[in-house]
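One structure is given below, encoded as structure tokens.
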Amino acid sequence: MSADRYPTEQPTIVTCGLPYANGDLHIGHLRSLVSADVVNRALNRIGQDSIYVCGSDMHGTPVAVNAAQEGKQPDEFALEWHERFLELFPQFNLSFDNYGHTHDETNTELTLDIVETLEEGGHIYDREIEVAFDPVEEQPLPDRYVEGRCPYCGEPARGDECDEGCGRHLEPGEIEDPVSSITGNPAEYRTRPHKFFRVSAFEDVLEEFLDGLEGTANARNQPRQWIEEGLQDWCITRDIDWGIPYPGEDDLVLYVWVDAPIEYIASTIQYAESLVDEDYDWREPWRGDGHIVHVIGRDIIQHHTVFWPAMLAGSDYNLPRAVCAHGFITIAGKGLSTSRNRAIWAQDYLDEGFAPDLLRYYLTTTGGLQQDIDFSWRKFGDRVNGELVGTLGNFVYRSLLFAHRNYGGTPDVGVSPEVEREIQAACDDLREAINEYNVRNVGLVPVELARFGNEYIQRNEPWHLLEEDPDAAAQVIRDCVQLAKAMAILAEPTLPETAATLWAQLAEDGSPGDATLAESLVAPPSTFEAPSELFEQIEEERLDELSADLADRMDLREEESEEDTIEPARIDFETFQSLDIRTGEILVAEAIEGADELVRLEVDIGSEVRQVVAGLKPYYELDELSGQTVVVLTNLEAAEIFGVESDGMVLAAGTDAKLLTTVEPADPGERIR
RNA sequence: AGCGGGAUGGGAUAGCCAGGAGAUUCCGGCGGGCUCAUAACCCGCAGAUCGGUGGUUCAAAUCCACCUCCCGCUACCA
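Numbering-wise, my numbering comes out as the position in the first sequence, counting from 1, plus 71.
Here it is as structure tokens:
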């Protein structure tokens, strides 16, 4: 890999994964959005020509499904979310140079253009595949409209992905035992022509691409395994009516993952078109010598390191220079769950009245980009109070206040060699950090400089020097003012709002977002007003409250899901009578291979011996099970679990499956009444 | 079970890709200092055989193999 270090002469494009227009954004999404924003701003600070573009992902079956549930048209539904995103982004200081959406004209046209290019290049072919169909509704069942079993690992899976088992992307027609996820009707397969993209032909291209790919290690390593296992061609059409229609095919639309990443290009084009005074050639980054940097969640690595580069290569566009795949966010060690409201919602955070910079700082500096990070209000508060308030905010405030009181602004002397070296070192650190896409260090650099600043001012005690040695005092404060100015520039990527405030306090014109590192050694104006505090301390009680509220909310949901409350709905006696519950004796108990908890039981229920599957492995030794008297619900409909038929249900109590038995010995087959 | 991530002083993390003096920083603890500053800031001390075992190497937290545990996504607790 031999790409030039930033800053380069060529333009760079930074993108984040497209927010999906079907729901509210939470801190998980923000991690993508903010990290990419930080990368873009940091590149600009070190003098790299870089823009940040993205857009909403409007297509795909989840939007179609959710829109239908709300009785809306998909475009109307998705557009509403898109608009909400647009309102939210500025509140987190996400500085998109352009933010479009995949359903707009630019993206639609470009997508069709790219698909045609791929066709002309012979990269697309027709193949008859079996598609799940709902025979009752006479409706095709693409992607998540169908559920069934993964052909590779046997796990239950969605139509487009084995989301529960091996994680493989599934091609239409691959899934076994398909059932409509809408009606529950068993689906049947019908043969139907679809379009396939010859991804397999790009193996060499992709391997070379991965060898040179910058960004996080997971984005380089994970796809290597997929390539080793052999690349599958990729079905790029679907039988729904929400999406970009496939050219020349009336009843097919493009798979959402085709037009989604193309939005990265389309958004760049829109940016170029939006400029009035200057020229921007979008072709330079995408087809010329520029650079593309993708910031994504680690769940969409495959799309950005296999499908997308293959598409780009097949239609003569540049491949990305870097893919930065960040980890997930957990709360109290548990994964976010939107359906269970287990998340910190972006809007809720703002409603709490916290400055966006605080969350930006926390999300980008808590762990490495690739690492999963755990969110807690306590840790959030510690970082804010310690590093932002105590170290950075305090240094700037004490310095500027001292300078203003005693000199009316910047003392009229030069910066000392020691401080100049220190500032330059910090600038070097920022350059180094962004060249490694290390957003954590990007955010820590200004705080570390402030640490030095605090040590420096403490060591020199200008408050004493004021009378003892006025020249020396002026020197020290001059140095501190310069350090503060450098911090404004260095902090701008992560803390843009704070940096702008500081910039104004120094009476600087414009914005630190227009400055480059070189300016960090240029003296600020000789006069400025008294500063105000950059950050507010978060009270301990406040943190306690927030923590308690969050814990309550998550605990509540736990209880609900555990059904801890007594079921209020009464049933009549007849309903009870309809349950055929009998004693049984376990004859055989053996583990089901490949399953974590499942045990296959043969249970004698008097008149016959039943095979029953139960999740007992973690709680019992298998050989102590045989011979046990248990209680069996015998007229439960049979089901196949993990590929094993289960005819009946062994009753057990609690989450750790304490088996029910009788107090007195009982023969198999005695009815429970 | 699959895929992914992790295991470093009490807690949280850096370093590991490009191996080299018993190891970063923050919080917490203890002791001092300062008083310009948002009870902030500065200095010092205590505290880790870098999950385990083996291997490669003159040298491993860093490379390789195996193992154990933790976590996330999802699932099979009928």
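Every residue, glycine too, gets a C-beta built ideally from N, C-alpha and C.
- Check the Cα spacing between Val701 and each of Ile444, Gln373, Glu334, Thr732: the tightest is with Thr732.
- Counting C-beta atoms within 10 angstroms of its own C-beta, Pro541 has fewer than 16 neighbours from the protein chains shown and is therefore classed as exposed.
- Taking the C-beta atoms as reference points, Leu573 is found no nearer than 8 Å to Leu520.
- Counted as a single uninterrupted DSSP element, the beta strand (DSSP E) harbouring Lys266 occupies residues 259-268.
- With contact defined as three or more Cβ pairs closer than 8 Å, the stretch 268-280 and the stretch 381-398 are in contact.
- Taking C-beta separations shorter than 8 Å and ignoring five residues to either side along the sequence, the partners of Ala545 in its chain run Tyr478, Pro482, Asp483, Val484, following chain order.
- Rounded to whole angstroms, Ala92 and Asp330 show a C-alpha spacing of 14 Å.
- If you draw a 10 Å sphere on the C-beta of Trp534, you find fewer than 16 other C-beta atoms in it, and that means exposed.
- Per DSSP, reduced to three states, the secondary structure at Glu245 is coil, with no helix or strand assignment.
- Relative to the Cα of Asp95, the nearest Cα in the group Val683, Trp416, Val680 belongs to Trp416.
- The alpha-carbon of Asp453 is positioned some 28 Å away from that of Gly584.
- Burial of Tyr468 is indicated by the presence of at least 16 other C-beta atoms within 10 angstroms of its C-beta.
- Considering only Leu165, Arg155, Thr132, Phe148, the residue with the shortest C-alpha distance to Cys125 is Leu165.
- A distance of 8 Å or more separates the beta carbons of Ile372 and Asn389.
- Looking at Phe713, Ile84, Tyr691, Gly368, the one whose alpha-carbon comes closest to that of Glu355 is Ile84.
- Contact between the stretch 500-509 and the stretch 605-619 is absent: fewer than three C-beta pairs spanning the two stretches fall below 8 Å.
- One alpha carbon belongs to Ser470, the other to Ser447, and they sit about 32 Å apart.
- Less than 8 Å separates the beta-carbon of Gly171 from that of Ala337.
- For Glu344, the enclosing alpha helix (DSSP H) has its first and last residue at 327-345.
- Runs of beta strand (DSSP E) with 3 or more residues, each lying fully within the stretch 364-443, are found at 393-397, 400-402, listed in chain order.
- By the criterion of at least three beta-carbon pairs nearer than 8 Å, the stretch 523-533 is in contact with the stretch 550-567.
- Taking every protein chain shown into account, the CB of Ser597 has fewer than 16 other CB atoms within 10 angstroms, so this residue is exposed.
- Cβ-Cβ distances below 7 Å link Ile676 to Arg653, Gly655, Val703, Thr705, Pro739, Gly740 in the same chain, with the five nearest sequence neighbours on each side left out; the list follows chain order.
- Beta-carbon to beta-carbon, Met558 and Leu463 are separated by about 7 Å, close enough to satisfy the 8 Å threshold.
- Going by beta carbons, Arg369 and Phe163 fall outside the 8 Å limit.
- Taking the Cα positions, Ala724 is about 6 Å away from Leu730.
- When DSSP states are grouped into helix, strand and coil, Gly457 belongs to the helix group.
- Closest by C-alpha distance to Val734, out of Ala728, Gln418, Gln699, is Gln699.
- Ala381 places its beta carbon less than 8 Å from that of Leu277.
- Of Ile333, Ala662, Gln442, the smallest CA-CA separation from Glu176 is found for Ile333.
- In this structure, DSSP gives Val734 a state outside helix and strand, which the three-state scheme calls coil.
- Annotated three-state conformation of Asp694 is helix, per DSSP.
- In this structure, the alpha-carbon of His375 lies about 21 Å from that of Glu190.
- Per DSSP, Tyr123 is one residue of the beta strand (DSSP E) stretching across 121-127.
- With respect to Gln441, Asn289 sits close: the two C-beta atoms are nearer than 8 Å.
- If you ignore the 5 residues before and after Val109, its C-beta comes within less than 8 Å of the C-beta of Arg431, Thr435, Val510, Val513, Gly514, Pro564, Thr565, all in its own chain and listed in chain order.
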